[in-house]
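FYI, UniProt numbering numbers position 8 of the sequence shown as 8, with every residue one higher than the one before it. For each residue, glycine too, the CB sits at the ideal point set by N, CA and C.
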Amino acid sequence: MTSPSTTTSSSNRTGIGSKIKGAVQVAHGLGENVRGTILGGVETALHKDSAANDAIAERGRAEHADGMAKVARAPAAGVEGVSGAYCC
């Protein structure tokens, strides 16, 4: 039989792991947002199509929101048209 303190301890570890993953996701999302925004601006200035970089920035914002939700333990509002986290 599981004691209440063991169950609580196990839940806390899961919560901490989720918060750490969320924090990493926040950092990665911010980086992707900055990268996509800067490169999109450069391509716009050079009169090139910046759609790919705009999409990277959008996915970065969605990943940041998802990570913040994990850290705060609240559902992510999400970004329209973006599903799941983007990596690499």
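Residue of the options minimising C-alpha distance to residue i
i: residue 37; options: 24, 27, 55, 20; result: 55
i: residue 33; options: 42, 19, 47, 62; result: 62
i: residue 89; options: 45, 70, 46, 40; result: Nothing can be reported for residue 89, as the shown portion of the chain is limited to 1 through 88.
i: residue 59; options: 30, 20, 15; result: 30
For residue i, the first and last residue of its enclosing alpha helix (DSSP H)
i: residue 70; result: 51-72
Closer than 7 Å to chain B by CB, residue i
i: residue 35; result: The chain labelled as chain B is not found in the depicted structure, where only one protein chain is given.
Distance, residue j Cα to residue i Cα
i: residue 24; j: residue 52; result: 24 Å
i: residue 18; j: residue 42; result: 36 Å
i: residue 16; j: residue 35; result: 29 Å
i: residue 67; j: residue 73; result: 10 Å
i: residue 71; j: residue 28; result: 14 Å
i: residue 22; j: residue 64; result: 9 Å
i: residue 45; j: residue 69; result: 35 Å
i: residue 26; j: residue 47; result: 31 Å
i: residue 50; j: residue 20; result: 33 Å
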